[in-house]
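Enquirer:
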Amino acid sequence: MKITTFAIKVWRWMSILFVVGALLWTYSLFPEMVAVDFSSNGLAERYVDKQHIFYIVMGLFLLNNVIITAFARHISKVDANHLPIFNKKIWAQHREELNEHLENWLFCLVAVINTIIGFSLLALATINSTNYKMDVFDFSWVYYAGLALIIFVFLLPLRLLWTPVPEDKL
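If you count the sequence shown from 1, you need to add 1 to reach the working numbering.
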């Protein structure tokens, strides 16, 4: 197992624990009505019941971790000629490496989505808490961090533009 494969698997499992922990912790802290939309001056405009937030996050969590992970596990069963990649014939000859790249990419996508959900829950809980004097603008970093993670994960398939290096040239 390559170090990148190991790191992505560890990140994915840690992000699952992070989302579950953040969801349970924030659910215990949320007031009955949670502010989810804010005006330009930082005042809450729209509220949602905390049970609805729980069900929405659990739905996203299950879709993310079940559907995308199941898709990643079935990548090896798809014919390489049907995959939307360049150099299909060359990559078909190096199927194990292709499977590893695609599975890592999908598992990384799962980890990124979980990480963004976890940070968003923590930010939402802090904003709605009476113990902290932070407003919505103190958490603009969550947007930029999420955007950077999404750009990172969608740049990973660029590796497939280059053909694999034969083992005898390593």
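Just so you know, even glycine gets a beta-carbon here, dropped at the ideal spot from N, CA and C. Quantities reported herein were computed from a predicted structural model and do not represent experimental measurements.
(1) May I ask which residues mark the beginning and end of the beta strand (DSSP E) holding residue 37?
(2) Excluding the five sequence neighbours on either side, which residues of its own chain have a C-beta within less than 7 Å of the C-beta of residue 58, listed in chain order?
(3) Are the CB atoms of residue 30 and residue 93 nearer to each other than 8 Å?
(4) Out of 131, 45, 85, 60, which has the shortest C-alpha to C-alpha gap to residue 21?
(5) Whole angstroms is fine: what's the gap from residue 48's alpha carbon to residue 69's?
(6) If the criterion is Cβ atoms closer than 8 Å, does the pair residue 106 and residue 165 meet it?
(7) Measure the beta-carbon distance from residue 65 to residue 114 and round it to whole angstroms, keeping in mind my assumption that it falls under 8 Å.
(8) Give the DSSP-derived three-state secondary structure of residue 166 in the structure shown.
(9) What is the DSSP secondary structure of residue 79, reduced to helix, strand or coil?
(10) For residue 74, is the classification buried or exposed, using 16 other Cβ atoms within 10 angstroms of its Cβ as the cut-off for buried?
(11) Mind checking which residues open and close the alpha helix (DSSP H) that includes residue 111?
Expert: Working from what's here:
(1) One-based indexing of the sequence shown puts residue 37 at position 36. From DSSP, the beta strand (DSSP E) with residue 37 extends over 34 to 39.
(2) Your numbering for residue 58 matches position 57 in the sequence shown. Around residue 58: 24, 118, 122.
(3) Residue 30 sits at position 29 when you count from the first residue of the sequence shown. Residue 93 sits at position 92 when you count from the first residue of the sequence shown. Cβ distance not < 8 Å, so residue 30 and residue 93 don't count as in contact.
(4) As a position in the sequence shown, residue 21 is number 20, starting the count at 1. Among 131, 45, 85, 60, the Cα nearest to that of residue 21 belongs to 60.
(5) The residue labelled residue 48 in the question sits at position 47 within the sequence shown. The residue labelled residue 69 in the question sits at position 68 within the sequence shown. Cα to Cα, the separation comes out at about 30 Å.
(6) By 1-based counting over the sequence shown, the position of residue 106 is 105. By 1-based counting over the sequence shown, the position of residue 165 is 164. Contact: no.
(7) Here residue 65 is taken as the residue at index 64 of the sequence shown, counted from 1. Here residue 114 is taken as the residue at index 113 of the sequence shown, counted from 1. Contact holds; Cβ gap of about 5 Å.
(8) Here residue 166 corresponds to residue number 165 of the sequence shown, with the count starting at 1. The answer is coil: DSSP assigns residue 166 none of H, G, I, E or B.
(9) One-based indexing of the sequence shown puts residue 79 at position 78. The answer is coil: DSSP assigns residue 79 none of H, G, I, E or B.
(10) If you number the sequence shown from 1, residue 74 lands on position 73. Its Cβ having fewer than 16 others within 10 Å, residue 74 is exposed.
(11) Walking along the sequence shown from the start, residue 111 turns up at place 110. Note, residue 111: alpha helix (DSSP H), 96 to 129.
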